[in-house]
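Participant: Please read through the structure below; I'll follow up with questions.
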Amino acid sequence: MISRTNQAIEALMMSAMLAILYRAIRRLHVMDVTCLLHATADQAAAAQRRSMGLESEAFVARAIEQDQLKQLLQEGRIDPIVGSGIVHTDASREHGPGDQWLFGMWDGDRVVSFVWAATGYIPATENFSRSAHLGSSLNMPAHCGFLFNAWTDQDHRGRGLMATLLQKLIRDDALELKLHDWFATTDWTNAASQSTFYKSGFERVGRLYRVGRGRMQASVVPDLERRMEETVLTESNRQRPGIALDAPGLRWSL
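Now the structure itself:
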């Protein structure tokens, strides 16, 4: 028993040391490591029925239109970290068309929590941890959605705002997307964000490693065919997402 406890402590210490080393390397903008998370709509709905959800009815969740986002940014009523998003991505030889929606939690006239939902093709510039040039593009099949840039104002954290946004998006299908599978990414060291997704029914599929600069880059991505054999629907028209397929340099799938 003591031996197992010591092994667990050593594993935690090693993990903490690796996290510290990674954060130091990340500052040089030569490495990004993100966790890829997945949940079916049914899994998320079951988990959310067990969760506490929002602790106050003072907040209102609703979609934010592109023109409205521009005004909110100009008036300082939403954090600039939200970005601008892309309303639509045209299809090409490499990927299908894609759309994005911004879903936010309002406290009066301010947006205090938000998450982007996307379908189709998500450019690497929209999905990165700290370094835009190390982002990972995603090509989502028709039955899959992707959640990214989930954020909650520091003064409003711990109130279940993000959990409620995920509940309304996935269980209640607030955007009427009728999707079966949902994916998300978080920075490897962002334990708080991962915890919120886990409580909302998500599970970790694997990690995405992106290293390098310019054309001298390398990528290691999860092999979804192997890791998700019994998770994602397996009919011929239910393909798995493509990850970093257009990333420069070398690419391995493990």
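Residues 1 to 254 (full-length UniProt numbering) make up the sequence shown, in order.
Don't be surprised by glycine CBs; every beta carbon is placed ideally from N, CA and C.
For clarity, every value in this text was computed on a predicted model and none was experimentally measured.
Let me check understanding here. Comparing Cα to Cα, which of Trp188, Val211, Phe59, Leu147 lies closest to residue 335?
Facilitator: Residue 335 lies beyond the range of the chain shown here (1 to 254); nothing can be said about it.
Participant: Helix, strand or coil: which one does DSSP assign to Gln239?
Facilitator: Gln239 falls in the coil class under three-state DSSP.
Participant: Roughly how many angstroms separate the alpha carbons of Glu225 and Trp182, rounded to a whole number?
Facilitator: Distance between the alpha carbons of Glu225 and Trp182: 16 Å.
Participant: So, with DSSP's three-state summary, where would you put Leu36?
Facilitator: Of the three classes helix, strand and coil, the one that applies to Leu36 here is strand, per DSSP.
Participant: Compare the Cα-Cα distances from Leu69 to each of Ser200, Gln100, Arg215 and report the closest residue.
Facilitator: Minimum Cα distance to Leu69 is reached at Gln100.
Participant: Using only alpha-carbon positions, find the residue among Val33, Ala174, Glu126 that is nearest to Gly104.
Facilitator: Per the Cα distances, Ala174.
Participant: How would you write the range of the beta strand (DSSP E) that Asp181 sits in, first residue to last?
Facilitator: Its beta strand (DSSP E) spans residues 181 to 187.
Participant: Expressed to the nearest angstrom, what Euclidean distance is found between the alpha-carbon atoms of Ala247 and Arg157?
Facilitator: One C-alpha to the other measures close to 34 Å.
Participant: Taking DSSP's pairing of strands, which residues face His133 in a bridge?
Facilitator: Answer by DSSP bridge pairing: none, since His133 is not bridged.
Participant: May I have a chain-ordered list of the beta strand (DSSP E) segments no shorter than 3 residues that lie completely inside the segment 56 to 132?
Facilitator: Runs found: 60 to 64, 98 to 107, 110 to 119.
Participant: Just verifying my parser: in three-state terms, what is the DSSP assignment at Leu165?
Facilitator: Three-state result, Leu165: helix.
Participant: Quick one: residues in its chain with C-beta nearer than 6 Å to the C-beta of Gln217, no 5 flanking neighbours on either side, listed in chain order?
Facilitator: Hits under 6 Å: Pro248, Gly249.
Participant: For Met216, list the residues DSSP reports as bridge partners.
Facilitator: Its beta-bridge partners are Arg213.
Participant: If you run the structure through DSSP and keep just helix, strand and coil, what is Phe202?
Facilitator: In this structure, Phe202 counts as coil in the three-state DSSP scheme.
Participant: Give me the Cα-Cα distance between Leu177 and Ile122, rounded to the nearest whole angstrom.
Facilitator: Cα-Cα distance, rounded: 16 Å.
Participant: Applying the 10 Å Cβ sphere with the 16-neighbour rule, what's the burial state of Asp172?
Facilitator: Asp172 comes out exposed.
Participant: Considering Arg251, what are the terminal residues of the beta strand (DSSP E) in which it resides?
Facilitator: Its beta strand (DSSP E) spans residues 250 to 253.
Participant: Using only alpha-carbon positions, find the residue among Val220, His143, Gln194 that is nearest to Thr40.
Facilitator: Of the listed residues, the one whose Cα sits closest to Thr40 is His143.
Participant: State the Cα-Cα distance for the pair Trp151 and Arg215, rounded to the nearest angstrom.
Facilitator: Roughly 31 Å between the two C-alpha positions.
Participant: Less than 8 Å between the CB atoms is what I'm expecting for Leu254 and Asp223, so what's the real figure, rounded?
Facilitator: About 6 Å; that satisfies the 8 Å criterion.
Participant: Among the residues of its own chain, which have a CB less than 8 Å from the CB of Tyr22, if the five just before and after it don't count?
Facilitator: Result list for Tyr22: Met31, Val33, Trp188, Thr189, in chain order.
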